[in-house]
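Protein chains in written order, with my numbering: chain W, 1 to 327; chain B, 328 to 654; chain P, 655 to 981; chain V, 982 to 1084; chain Z, 1085 to 1187; chain F, 1188 to 1290. To keep things clear, I will list the structure first and then write my remarks on it.
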Ligand SMILES: Nc1ncnc2c1ncn2[C@@H]1O[C@H](COP(=O)(O)O)[C@@H](O)[C@H]1O
Ligand SMILES: Nc1ncnc2c1ncn2[C@@H]1O[C@H](COP(=O)(O)O)[C@@H](O)[C@H]1O
Ligand SMILES: Nc1ncnc2c1ncn2[C@@H]1O[C@H](COP(=O)(O)O)[C@@H](O)[C@H]1O
Ligand code: NA
Ligand code: NA
Ligand code: NA
């Protein structure tokens, strides 16, 4: 417990988290500080490329672990299954209609890659290693949750869902972040440590600093989301935004133990299960479930769960993973 | 004198200044070279974050100097007082009307953070240290000048000033660059040298190179300003753009000696006093004094005083500070 | 031959080329992955600044080679002459009309600076040096080809060419990339190795990584070009896009041997001669020859010749240069 | 200068729907349109602005289409099939064009 | 398709005044509008373009507002109170909309 | 509010031609116009979008010009001399402005 608290404290005073808090406060106090959209998108391309590449190099370095296939499959099952859990919780904890509940549930089955990136950087600063292929697991977890949510809506019998067409399916499977993550993972695997040596002063050394600026922007956006969307956050909904990551990470923990992952791998799988999408899934929901309320799922995922995971969740998941694996 | 000249020469052939000159020439010769707005804004966020953070770390490192409070107060008084001096000079040297003169005066009480950044980089390359909290002084000097200018207009009895309302006051105090500068200063103070170690390959090593590209863009913008606004630069106005930084830096020098700052600190306070705002103040003037001529104050501040300070002013201020402190 | 193959293989599995391939595949499969326009432009400013600066420093370091003047002149003649060769080839190999053939020819006389940058990075990773002033030669080769193409059209007697007016001439000569390349070359020459030391952790260490992201974007753009413009690629036209770089590089090879350039210098001159413009020349063609079909020249230059040079051309040119100079 | 009557239809729609709208327009034989960026706005579904978006995904765009009056109805129907259940606004104006054969 | 008459008001105004204008519109009961970016322009106060700006601060934006004809005057008054002393242009056009109840 | 009749001319044109067009407008005595960004479009010369461009060079912009009706013809002639051989679209609409003396 003491260790957990000091870990949390250490995490909270890192430049990365403080940059996020700065952004959050700036927008809650309605400062006009803002990061241009193009710059934010460029930063996210950098982060995806770097994290994917490093994951691939690590796989090239340590050889493909026999558990890679199992881990990918587990990720897909988690992503497809967590929305059912989330949907159940939402029906119990909130008065959301089926459509809105399903849309929210989709976000919690899928993942937030930035939370994942922040998790790797917490592990790294504590010298805890993890499986390089967790990046591929992250990619695998992006999409299945969307299908589950659409199935939840369809099962409800409403004609509300525009449903899935082949164009949407292609958009989801080939959305930019999946392609970039998987692509750079493969490049890292192919070029290996030599490739990394060539570009490490671009993708390794400045990584944490870039993450600071990116999280500053995330804080600004989350704060704006909270300011404008706070009306939708009735107590039950708000509570869900904190309870669900705890539930999700527990399920992730069990899965990680089953798979026999390393301490770091388990912490990351917990992080992925706990995190909620705020890019790929909202876009898909606008197309497939246009009647669902976007400010509900965006505020919840970005304004509540993301900050929770970043500040309190990450150190918790790492500590629990360490305690249970003795790592 | 010899030392001054060689210092100026050295300053003039640094990549930083030459990049500015390249931008200036490119736009004077009407090349279509341009830095995208989003990229320029991203670069300025980087510079503000880095300079604030490093200032905070330096304070964390050396402990808070007893003079911090006094220096902040002095900064506020300088920012509020310099517009009076500028206004007096303008009434003597030019035929500007009260409204335009007050608007111009506001710019010279406030500061240009890029000039400050360039100043720190000149100090650094000569191995001269300075108080880390000068960054906070810079932030403190951004806004008071605006209030002074509005008071000058109101005193004139015209109904020209829309004046200050609470929305404008909040916008000025919470404008993006103040918030980012103060915020990253605090983050630097909290995380200290350890925090710096984590992100120094992002905010320290590439700093000068980024500054080159940023100043290239500043040169392009200044050149365009000169090309389009040169019509407003009657001889008296032009002379003011060079005389005022000399007057301002002298007042800054006196204040710095009074405060007992280090050689570097004095040079930076001179730089701040000499520099003129071209972001925060113009925006505030458009809201509060819409009838004042924007191309007058922008051309003067950006097209005349900024280049003057960057090329000739900085080495002068450093040399004078060294001569008077024996530093 | 063996050496050539292994060189090609090594080139093909570098992170740089694989990033390009990733972009190409992503857009061929219609992923929505995209690099914001502002970010892509910022990256290209970085690359031009870095490559120009390093070229200038290298000249400052090794002294101006007596061959500089001759090399510049040769570059101008190549740029002016290659369009004649290209035009002749096009009339033989394709059924393009004079106007379209001339417009395409202009692109092949001029150069692609990104291909040049990729060439320098291949040389570097093989430890082959080259003349720093090749950057200046690249700049000199940008524009003359445009004049040749307009002359080809005018000679045809059609009234189709709007022709060259002084505004267009100024735009071509002072276009952003020429100004930035030449300007940073001069800054590098003036500030020399000391200047480089100041900013090398910005322009040297992360260079290859930045190039990866930039080529990812180039791949995306080339792929989109291919997808939308593939209709214009009749077999003859397509063949021209591969034959012309081979012809051009051979002429560049001869010129380089005549000039007595180093192995690396010859490889770069071959690369310049083989490469086709896709920024400066298309813009000029839209103004001067608006009736020529833009999707023809853009698809050919960006979708065919650029990928060819990047993947197969570069290792070939380097190997040939090595073989013939014993380098 | 000789001008001809035409209609100018402006559709403000979520960016995620852009490709579906232009596909529907193409399918209805409308091959001329222009897409303009939108910075922000306000409507029944609240206000938003680009700075508040995590990614472009949830922003909006404006699709402007100049069309011969007699083809208006077919175009509106095609557009509405896409826009109907989404937030967005469709407005129609008279305009004149110079080269009528192009529309 | 059944359409209804409406007015389309376009206001080109300095970006620093954007939030003040939209606040005034909201206060006057106008809650539907769209904000478009502006790259540059020219008028009595000279010409400018985005590339010539140090920051967004001194750029301009266009606020477009579709409104029922009977609410036009009230809206124009609210807008003018803000725009009056600033550089900028207000233009009004007829237009038609499909779902009248929204405006 | 008292308004005056005017014309609103919108010209969609290649970005490389922008400075030539505004120069021609200035030469014809038209000093008021606004330039709007364009993200993409489709026409007889095919479809394009900004993401598919290597550089801004080959993109398009929209030049909007509000003008007194009696000055329309002169303006259109000046514009056409530039636009004629280039891809692009010119449309003209009625509009009303408040301060007529400005146009
Ligand atoms: N009356 C209006 N005038 C102009 N734009 C509008 C209007 N109403 C809605 N919009 C635009 O359409 C978007 C969605 O509107 P709504 O579906 O009403 O939320 C808004 O964010 C605005 O950009
Ligand atoms: N006649 C006009 N047509 C279109 N836009 C205009 C016109 N006059 C002014 N503008 C726009 O309004 C801005 C300010 O105009 P002004 O207040 O006349 O300087 C200009 O920069 C243009 O963007
Ligand atoms: N009917 C139309 N409505 C709106 N914009 C159009 C139309 N036709 C063409 N455009 C625009 O003008 C550009 C060039 O058109 P075109 O010359 O027909 O290829 C297109 O890319 C569109 O942006
Ligand atoms: Na999850
Ligand atoms: Na000052
Ligand atoms: Na060439």
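All C-beta atoms in this analysis are idealised placements derived from N, C-alpha and C, irrespective of residue type, glycine included.
Worksheet entry | Sequence-distant residues of its chain with Cβ nearer than 8 Å to residue 215(W) (five each side left out) | Working through the first chain from its first residue, we reach residue 215(W) at position 215. For residue 215(W), where only same-chain residues beyond five positions count, the Cβ hits under 8 Å are 16, 17, 19, 20, 23, 114, 118 and 310.
Practice prompt. Find the residues of chain V that neighbour residue 1228(F), judging by a C-beta separation of less than 7 Å, and give them in chain order.
Written response: The residue labelled residue 1228(F) in the question sits at position 41 within the sixth chain. Chain V residues near residue 1228(F): 1014, 1015 and 1016.
Item to complete: For residue 1276(F), return the contacting residues in chain V, with the cut-off set at a CB-CB distance below 8 Å.
Response: On the sixth chain, residue 1276(F) is found 89 positions in, with the first residue counted as 1. In chain order: 1013, 1015, 1047, 1078 and 1083.
Worksheet item: Of all the residues that make up the region 328-354 of chain B, which are near chain Z by a beta-carbon distance shorter than 8 Å?
Response: none
Fill in: Below-8 Å beta-carbon distance, residue 1157(Z) vs any chain F residue
What you label residue 1157(Z) is simply residue 73 of the fifth chain in a count that begins at 1. Yes, residue 1157(Z) lies at the interface with chain F (some Cβ there is under 8 Å from its Cβ).
Worksheet entry | 8 Å Cβ cut-off: residues of chain B touching residue 1122(Z) | Locating residue 1122(Z) in the fifth chain gives position 38, where the first residue counts as 1. None at all; the shortest Cβ gap to chain B is about 12 Å.
Worksheet entry | Length of the line joining the Cα atoms of residue 1242(F) and residue 358(B) | Taking the sixth chain and counting its residues from 1, one reaches residue 1242(F) at position 55. Taking the second chain and counting its residues from 1, one reaches residue 358(B) at position 31. Unreliable positioning characterises residue 1242(F) in this predicted model, as indicated by a pLDDT of 46, which lies under 50. A coordinate reading is not provided.
Practice prompt. Run the proximity test for residue 736(P): is its beta-carbon closer than 7 Å to any non-hydrogen atom belonging to ligand 6?
Written response: One-based indexing of the third chain puts residue 736(P) at position 82. Residue 736(P) Cβ: within cutoff of ligand 6.
Worksheet item: residue 967(P): which of 947(P), 941(P), 948(P) and 923(P) sits nearest, CA to CA?
Response: Here residue 967(P) refers to the residue found at position 313 when the third chain is read from its first residue. Looking at the Cα atoms, 923(P) is the closest of the given residues.
Item to complete: Starting from the Cα of residue 66(W), find the closest Cα among 133(W), 196(W) and 37(W) and give me that residue.
Response: Position 66 of the first chain, counting from 1, holds the residue named residue 66(W). Per the Cα distances, 133(W).
Practice prompt. Please name the residue in 951(P), 958(P), 956(P) and 974(P) whose C-alpha comes closest to that of residue 750(P).
Written response: Your numbering for residue 750(P) matches position 96 in the third chain. Here the closest residue by C-alpha is 951(P).
Discussion item. Looking at the strands, I want to know which residues DSSP matches up with residue 1275(F).
Written reply: As a working mapping, residue 1275(F) is identified with position 88 in the sixth chain. Answer is 1200(F), bridged to residue 1275(F).
Item to complete: Given a cut-off of 8 Å, decide if residue 438(B) and residue 602(B) are closer than it, judged by their beta-carbon atoms.
Response: The residue given as residue 602(B) occupies position 275 in the second chain. The residue given as residue 438(B) occupies position 111 in the second chain. Closer than 8 Å, so yes.
Worksheet item: Are the Cβ atoms of residue 584(B) and residue 464(B) separated by less than 8 Å?
Response: Looking up residue 584(B) in the second chain gives position 257. Looking up residue 464(B) in the second chain gives position 137. Not closer than 8 Å, so no.
Worksheet item: residue 51(W) lies in the alpha helix (DSSP H); which residues open and close that run?
Response: Position 51 of the first chain, counting from 1, holds the residue named residue 51(W). Unbroken alpha helix (DSSP H) run through residue 51(W): 37-62.
Discussion item. Cutting at 6 Å between CB atoms, please list the residues of its own chain near residue 284(W), excluding the five before and the five after it.
Written reply: Here residue 284(W) corresponds to residue number 284 of the first chain, with the count starting at 1. Around residue 284(W): 146 and 172.
Worksheet entry | Whole-number beta carbon distance between residue 1076(V) and residue 1279(F), since they are thought to touch under 8 Å | The sequence position of residue 1279(F) within the sixth chain is 92, counting from 1. The sequence position of residue 1076(V) within the fourth chain is 95, counting from 1. Rounded, the Cβ-Cβ distance is 6 Å, consistent with contact.
Item to complete: Classify residue 1078(V) as helix, strand or coil using the three-state DSSP reduction.
Response: Position 97 of the fourth chain holds residue 1078(V). Residue 1078(V) falls in the strand class under three-state DSSP.
Worksheet item: Between the C-alpha atoms of residue 855(P) and residue 455(B), what's the straight-line distance to the nearest angstrom?
Response: Counted from its first residue, the third chain places residue 855(P) at position 201. Counted from its first residue, the second chain places residue 455(B) at position 128. Taking the straight line joining both Cα atoms gives about 22 Å.
Worksheet item: Should residue 1209(F) be counted as a contact of ligand 2 given a C-beta to heavy atom distance under 7 Å?
Response: As a working note, residue 1209(F) is residue 22 in the sixth chain. No, the beta carbon of residue 1209(F) sits no closer than 7 Å to any heavy atom of ligand 2.
Worksheet item: At which residues does the beta strand (DSSP E) containing residue 1253(F) begin and terminate?
Response: Locating residue 1253(F) in the sixth chain gives position 66, counting from the first residue. Segment 1247-1254, the beta strand (DSSP E) holding residue 1253(F).
Fill in: residue 821(P), buried or exposed, once every other Cβ within 10 Å from all chains shown has been counted against 16
If you number the third chain from 1, residue 821(P) lands on position 167. So residue 821(P) counts as exposed.
Discussion item. Just verifying my parser: in three-state terms, what is the DSSP assignment at residue 1128(Z)?
Written reply: As a position in the fifth chain, residue 1128(Z) is number 44, starting the count at 1. In the structure shown, residue 1128(Z) sits in coil (DSSP, three-state: anything other than H, G, I, E or B).
Worksheet item: Since residue 532(B) meets chain P, which of its residues come closer than 7 Å, beta carbon to beta carbon?
Response: On the second chain, position 205 is the one that residue 532(B) refers to. Residues of chain P passing the Cβ test: 855.
Worksheet item: Listed in chain order, which residues of the region 413-439 of chain B have Cβ atoms closer than 7 Å to some Cβ of chain P?
Response: none
Worksheet entry | Length-filtered (4 minimum) alpha helix (DSSP H) runs lying within the region 206-275 of chain W | 207-229, 235-259 and 263-274
Practice prompt. Let me know the secondary structure DSSP gives residue 1014(V) once reduced to three states.
Written response: Taking the first residue of the fourth chain as 1, we reach residue 1014(V) at position 33. It is a strand residue.
Item to complete: Per DSSP, which residues does residue 1030(V) bridge with? Please list them.
Response: Taking the fourth chain and counting its residues from 1, the one referred to as residue 1030(V) is at position 49. Per DSSP, 1021(V).
Worksheet item: Less than 7 Å between the CB of residue 110(W) and some heavy atom of ligand 5, yes or no?
Response: Numbered from 1 along the first chain, position 110 holds the residue referred to as residue 110(W). Because no heavy atom of ligand 5 lies under 7 Å away, the Cβ of residue 110(W) does not count as near it: no.
Item to complete: Determine whether the Cβ of residue 1166(Z) lies closer than 8 Å to any Cβ atom of chain V.
Response: Taking the fifth chain and counting its residues from 1, one reaches residue 1166(Z) at position 82. Judged by the 8 Å Cβ criterion, residue 1166(Z) is not in contact with chain V.
Worksheet item: Under a CB-based cut-off of 8 Å, is residue 998(V) close to chain W?
Response: Taking the first residue of the fourth chain as 1, we reach residue 998(V) at position 17. Yes - at least one Cβ of chain W is within 8 Å of the one on residue 998(V).
Worksheet item: Is the region 98-106 of chain W touching the region 27-43 of chain W, taking contact as three or more C-beta pairs under 8 Å?
Response: no
Item to complete: With DSSP as the reference, please indicate the residues paired to residue 1191(F) in a beta bridge.
Response: Numbered from 1 along the sixth chain, position 4 holds the residue referred to as residue 1191(F). Bridge partners of residue 1191(F): 1284(F).
Worksheet entry | Whole-angstrom distance between residue 731(P) and residue 914(P), CA atom to CA atom | Counted from its first residue, the third chain places residue 914(P) at position 260. Counted from its first residue, the third chain places residue 731(P) at position 77. Looking at the two C-alpha atoms, the distance is approximately 17 Å.
Discussion item. With a threshold of 8 Å, are at least 3 pairs of Cβ atoms found where one atom belongs to the region 1213-1229 of chain F and the other to the region 1120-1136 of chain Z?
Written reply: yes
Practice prompt. For residue 448(B), count neighbouring C-beta atoms within 10 Å of its own C-beta (all shown protein chains included) and say buried if the count is 16 or more, exposed if not.
Written response: Along the second chain, one-based indexing puts residue 448(B) at 121. The residue is buried, with at least 16 neighbouring Cβ atoms inside 10 Å.
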